[in-house]
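Protein chains in written order, with the numbering used here: chain S, 1 to 291; chain D, 292 to 807.
A virtual CB, placed ideally from N, CA and C, is assigned to each residue, including glycine.
Okay, so here's the structure we're looking at.
Below, the structure is given as structure tokens:
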């Protein structure tokens, strides 16, 4: 309903026409086609934001070797909003966001968490520290309303001292394109990354346990990058191991990416040996278990 | 306070006071010792010595260049403190405080007591002091510098008290003191025997004036020291207005004046109050807090206007006032958590773009309680092992931080219980999110003390395939509620992981957090 109405990130068509495609179709056919193609790409890039303008923007790796290997340029581009879809509590989505944040915060910059006002559930600092994020570099912003959350998020993203903004706010789970575009521009200005957590709710998983079987409207997004986390349990020798399978969707460039399985409780995310065959195909575990 | 310059410097640079320290000043293209502390003096360092010579005498000597501004600052703060002894205090640079204690002795049960309290108070702050009370400023100065300390000269005994002292204690210029010394006038009584006309002719009116001041023949006034007052600025409109442009215009003028006062008084503010007076309604006061002292009109303006946007004014405004309750000296902006970022961001960064301004903006719109940072607390009970402190806070928090810089591993803190290791010290897994209150769930374990095998969560039954634990936590009896829990990090068959515990007294199960 909502998405059908406003699913469009194509900006108005009043952009100038530097290519001249419309006018000179008769000139040297092959040559002009090629230059036209390049110019068109340029145009697209300028329309879709300024990422292309700088050329080589730095990337923020996750530190999870397997995930970084499949991400273009080994991480998320700086100045981007990434959406992390998950299935509710206890599924490891915050851990994934913290992985990116702790790498981004290495430069002595700060990480902002946007959360609802404290109530039932609170970020647990000892857990954050265990996950490798120093408490001194964390600021938590408790926003009561979605408007406040968006505002706080935009302000934080615009600040160059902020390395990452993790948005874990129920009110922002169904933001529209306009809001996301604003946040995207703010992130480009500040150069940090925004990680927006979105719960798909458990209800949708009562029948199907995989994203693939979800109706498309749940997974549609306006973010530049979408990561989907689903967790599974595999039998390793000794004890079962909980893994997170990460699907990378909508990367900026390149081909579709195969999902990878990582162990989020491990620093580099490497998976112990003897995962079932299905997961081996999804990013085969070569490394011997050490723990 | 003969050693004030050196004590103030040593304190500022954090040097231990018992090590030999000398303040150095440049005279005639040569670094000379300006003054030195007792440790250096004992080893043979003297004021006036060239630094190279002092180094030859004492190689471990720490030499600090003299900084009159630091001395003056220390003296001013001591003068402010000395207001507890007398309402009239005058700092007499470089190292002296003059107090008019007329009538104050009654409050201290006698002058001797007052003097003793003053000297003890100063030494408690780290400044060795000498003191004297006499009829005149000159006499008190002379006795404090040249006589025994502490000394109370009884009324009418001034001449007798200063007679045996050296003439330089009369505050006469140094070269005249040398002249007197050279002609054999070593005591004030000898000086007093010289005819007045002759003193005036040979040494100048200045010496004569000092002698007369000491003897009380000419009056000398103290100029009371007033600590710089907090800035305030007011504006009154020609008529009551409700136009936002007029209010903004007025605010600009208020801020220009306010910040000018801040600059002139070398102050910065941590809090600003903006009072708007209405016709026929109680005045509105808007308050903003800052994470770091500032005096930037632009930054304050953006915060104040944002604050105005979200508040409703009951009636048109006819006057406005800008004031503060938290002004502090600009030089000693307290080092705090975010200073690293401030330095990092200084330079090319435009004003208002750094972390401190961001936090100010956030906290002033969302409320101070909404912008917080985590702090660990050494406590074994998981829900007490952390706390969130607002980024905009009174100095209380910051002082607490200062204490924390000391290593405190393994110490007994807070509750006074032995702590083997802080709760966050790796090892046992900790969830990323914690429920404010543990939530009771139906759960089952195969053996009474064993890990859970299933539990019900969100209307669904989760069977547990892996449980790390138990981590036994027994604590909190001094809080009145004894806590005995066995924690498990339990992974369900679908891969979700929760932090469960069994209350060992009742055997019931609770979910306390999730490994999100």
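Secondary structure at residue 521 of chain D: coil, using DSSP grouped into helix, strand and coil. Nearest in C-alpha terms to residue 170 of chain S, of all of S:89, S:257, S:100, is S:89.
Apart from the 5 residues on each side of it in sequence, residue 388 of chain D sits with its Cβ closer than 8 Å to the Cβ of 292, 366, 369, 370, 373, 380, 381, 382 in its chain, given in chain order. Here the C-alpha atom of residue 41 of chain S lies approximately 10 Å from the C-alpha atom of residue 35 of chain S. Closer than 9 Å at the C-beta level to chain D, one finds no residue of the region 61-77 of chain S.
Contact between the region 334-347 of chain D and the region 391-409 of chain D is absent: fewer than 3 CB-CB pairs across the two stretches fall below 8 Å. Annotation: the continuous beta strand (DSSP E) that includes residue 747 of chain D extends over 743-748. Listed along chain D are 649, 652, 653, each with a C-beta nearer than 7 Å to that of residue 155 of chain S. Counting along the chain, residue 409 of chain D sits inside the alpha helix (DSSP H) bounded by residues 402-415.
For residue 298 of chain D, the enclosing alpha helix (DSSP H) starts and ends at 295-303.
The C-alpha of residue 414 of chain D is placed about 11 Å away from the C-alpha of residue 294 of chain D. When 9 Å is used as the limit between beta carbons, residue 120 of chain S is near these residues of chain D: 726, 727, 728, 730, in chain order.
Using beta-carbon distances, residue 377 of chain D does not count as an interface residue toward chain S, since no partner is under 8 Å. When only Cα atoms are considered, residue 310 of chain D and residue 615 of chain D end up about 42 Å apart.
The beta-carbon of residue 268 of chain S is placed no less than 8 Å from the nearest beta-carbon of chain D. The beta carbon of residue 375 of chain D sits closer than 8 Å to the beta carbons of 412 from its chain, once the five residues preceding and following it are set aside; these are given in chain order.
Against chain D, the CB of residue 192 of chain S has no partner CB under 8 Å away; the residue lies outside that interface. The criterion of a C-beta distance shorter than 8 Å is satisfied by residue 441 of chain D and residue 422 of chain D. Not a single CB atom of chain S sits nearer than 8 Å to the CB of residue 752 of chain D. Within the region 79-91 of chain S, contact with chain D at the beta-carbon level (separation under 9 Å) is assigned to 86, 87, 88, 89, 90, 91.
The beta carbon of residue 565 of chain D sits closer than 6 Å to the beta carbons of 577, 595, 613 from its chain, once the five residues preceding and following it are set aside; these are given in chain order. Of all residues in the region 658-681 of chain D, only 660, 661, 662, 663, 664, 665, 666, 667, 673, 676, 677, 679 place a beta-carbon less than 8 Å from a beta-carbon of chain S. If you draw a straight line from the Cα of residue 100 of chain S to the Cα of residue 574 of chain D, it comes to about 49 Å.
Here the alpha carbon of residue 390 of chain D sits roughly 39 Å from the alpha carbon of residue 579 of chain D. Counting the other Cβ atoms within 10 Å of the Cβ of residue 339 of chain D gives fewer than 16, which makes it exposed. Using a Cβ-Cβ cut-off of 7 Å, residue 788 of chain D is close to 90, 242 of chain S, given in chain order. One alpha carbon belongs to residue 363 of chain D, the other to residue 189 of chain S, and they sit about 45 Å apart. Counted as a single uninterrupted DSSP element, the alpha helix (DSSP H) harbouring residue 97 of chain S occupies residues 93-104.
Taking the beta carbon of residue 646 of chain D as reference, the chain S residues within 8 Å of it are 110, 159, 161, 162, listed in sequence order. Taken atom to atom, the span from the alpha-carbon of residue 150 of chain S to that of residue 141 of chain S is near 11 Å.
The DSSP-derived three-state label of residue 127 of chain S is helix. CA-CA distance, residue 439 of chain D to residue 328 of chain D, rounds to 20 Å.
Here the alpha carbons of residue 265 of chain S and residue 258 of chain S stand approximately 21 Å from one another. For residue 167 of chain S, DSSP records a beta bridge to S:114, S:196. For residue 368 of chain D, the closest Cβ of chain S is not nearer than 8 Å.
Each of D:359, D:728, D:322 was checked against the Cα of residue 346 of chain D, and the nearest Cα belongs to D:322.
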